[in-house]
Amino acid sequence: MKLSVAIALVLLVAQYASSLAAAAAGGPRVIIVGAGMSGISAGKRLSDAGISDFVILEATDRIGGRIHKTNFAGVDVEMGANWVEGVTGKEMNPIWTIVNDELKLRTFNSDYDHLANNTYKQNGGLYEEAFVQKIIDRADEVEESGGKLSASLHASGSEDIMPWGPSAAVDMVIDYCKYDYEFAEPPRVTSLQNTKPLPTFNNFGDEVHFVADQRGYESVVYHVAGKYLRTDKSSGAIVDPRLKLNKVVRDITYLPRGVTVKTEDGQIYRADYVMLSVSLGVLQTDLIRFKPQLPAWKIVSIYQFDMSVYTKIFLKFPKRFWPEGPGTEFFLYASGRRGYYPVWQQFEKQYPGSNVLLVTVTDEESRRIEQQSDNQTRAEAVEVLRKMFPGKQVPDATDILVPRWWSNRFFKGTFSNWPIGVNRYEYDQIRAPVGRVYFTGEHTSEHYNGYVHGAYLAGIDSADILIKCAQKKICKYIVQGKYK
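Written as structure tokens, this is what we have:
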């Protein structure tokens, strides 16, 4: 018997038994673990389908997950997701509809067309525009060739590959800006087939819009939650008793007759189904223990995906010393060390007068920086700026904000990345239910993993799978073979 057929049969039997038990109990009760974008989206979908007997267990003291604002130097900035990516395309990005039409958040179109004018040498001064533009043009040609190659590869992912990337400083920072800055991991580990073409931009459009609203990007999550969870009319705070904060789930026991969830404070919750909306990084740790242990095929699928780390470091200065005006929002530092404080952004438009810079690091540099003090990071970043602007009086930064998503046991990273060789087969496995345990999150999004809209749509898709089983008794989830 082929592995894919065996998995489908196991899922069918387990799901059928689950549906019979739920029907006998008088209707489904659901526990949603995690109140990030996917968990909140799944809750709304369940509620719309008439399944309102649920509880949402959130480990932190807030909803939103990796969408989280904080006050830094007098302005509210985003520690996690910041952009609506994929705008003005042939399809409408559902997050853009909420941000732009329903909430009317303050956003700014991010323009990366002037990087050739704003690429700084490792030891100071700008590269000539024509020189950098040639490198950008060549990188665009390579990217286009990669897209053609991707279309010709076998769907199994067995021929999947991405180039290792250049080693010269300026070539490297352009390559970084194209790949690492988007996927938080270098090309050598990132799937070509799942990024060329990238569905987010191919379907929703090439524009990316930076959210800089003092209500925060998290207001999108609150907006969705407010459509089915009771809120206080004066403050807007969620007061629905079905949402329970500071509930750290540690044990999930799933049997044919139901599920039992135990939290760190000793509380026990019982239901017919559980919808698990935690990050891929958490699934790759032992924070949540499953009884019985998840089957081998599920564990393998969880570890076949990467949990990447994307760190936005904010620095406050007593005065501005960087260029301002049209075409200067983004600038690059071409270090001989890949990913060393490479992509900078100034906020002349978003936060006028704030004197705040943002520098983004990823992957190994993110992990290194999380393990050192903020003072060390501040010193490194200021040293880089002094090299970039040798003719300027670059003062010490007065404040610094370094998010530590990787070190946080409730996240263990920022978003998932599809590595080389992973295709639809592994995706089907990571999304597949195990008995009464359902899975959602941006890492289960078929086309949009790593994005806010991916998390939102994944919540809907996973809820639909549960609804089919609970209400229509359609519990079969088919995992197609790797080479089909």
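Here the sequence shown stands for residues -19 to -1, 1 to 465, numbered as in mature numbering (1 follows the signal peptide of the UniProt record, and there is no 0). Glycine included, C-beta positions come from ideal geometry on N, C-alpha and C.
Suppose you measure from the CA of residue i to the CA of residue j; what does that come to, to the nearest Å?
i	j	result
Q285	G372	48 Å
T241	Y157	45 Å
S289	F164	8 Å
V192	F35	32 Å
E245	K228	7 Å
A444	S316	46 Å
C450	C456	4 Å
N398	S148	23 Å
L134	P178	13 Å
G7	E329	Low confidence applies here, because G7 scores a pLDDT of 42, under 50, leaving its location unreliable and the question unanswered by this model.
L264	P273	15 Å
D267	D355	28 Å
I448	W386	32 Å
A54	Q327	15 Å
Q174	T88	31 Å
E166	Y160	7 Å
W64	V433	9 Å
R251	D232	12 Å
S131	V281	25 Å
Q452	Y203	28 Å
A2	K129	Caution applies to A2, whose pLDDT of 41 falls short of 50 and renders its modelled position unreliable; the model cannot decide the point.
R301	G127	40 Å
Q103	E122	26 Å
Would you kindly check if the distance between the Cβ of residue j and the Cβ of residue i is under 9 Å?
i	j	result
R395	I381	A small correction: the amino acid at residue 395 is Thr; Arg does not occupy that position in the sequence shown. No, the Cβ-Cβ distance between T395 and I381 is not below 9 Å.
Y437	M18	yes
A23	G45	no
V403	E351	no
L313	P323	yes
N90	V189	yes
F271	T234	yes
I446	P414	yes
T41	L257	no
A206	K85	no
K225	I37	yes
G105	M369	yes
V255	K243	no
F311	V58	no
A111	I155	no
D253	R417	yes
Please state whether DSSP places residue i in a helix, a strand or coil.
i	result
F302	coil
M369	helix
K208	coil
Y157	helix
A5	With a pLDDT of 36 at A5, under the threshold of 50, the modelled position of that residue is not reliable, and no figure is offered here.
L226	coil
V65	strand
P168	helix
residue 474	Residue 474 falls outside the range modelled here, since the chain spans only -19 to 465, and no answer is possible.
residue 467	Beyond the ends of the chain as shown, which are -19 and 465, falls residue 467; an answer cannot be given.
K214	coil
I401	coil
R119	helix
M18	helix
G262	helix
D445	helix
T41	coil
K454	coil
F391	coil
L173	coil
K71	coil
L27	helix
K463	coil
G438	First, the residue type needs correcting, since residue 438 is Leu and not Gly in the sequence shown. Three-state DSSP puts L438 in a helix.
N98	helix
N356	helix
State the beta-bridge partners of residue i as determined by DSSP.
i	result
A252	V240
F420	L257
L296	L338 and I381
W325	F312 and V340
H190	V65 and N90
F271	I233
K85	Beta-bridge pairing links K85 to no other residue.
V36	I12
V415	V418
M288	S397
T181	Its beta-bridge partners do not exist; DSSP assigns none.
- Is the segment 168 to 182 touching the segment 212 to 219 in the sense that three or more CB pairs, one from each, lie closer than 8 Å? no
- Answer yes if the segment 321 to 336 comes into contact with the segment 109 to 116, meaning at least three C-beta pairs across the two stretches below 8 Å, and no otherwise. no
- Looking at C-beta atoms only, is the number of pairs between the segment 337 to 353 and the segment 177 to 188 that lie closer than 8 Å three or more? no
- Message: Within 8 Å, do at least three Cβ pairs link the segment 48 to 65 to the segment 197 to 206?
- Response: yes
- Query: Can you find at least 3 beta carbon pairs, one from the segment 337 to 347 and one from the segment 76 to 95, that sit closer than 8 Å?
  - Reply: no
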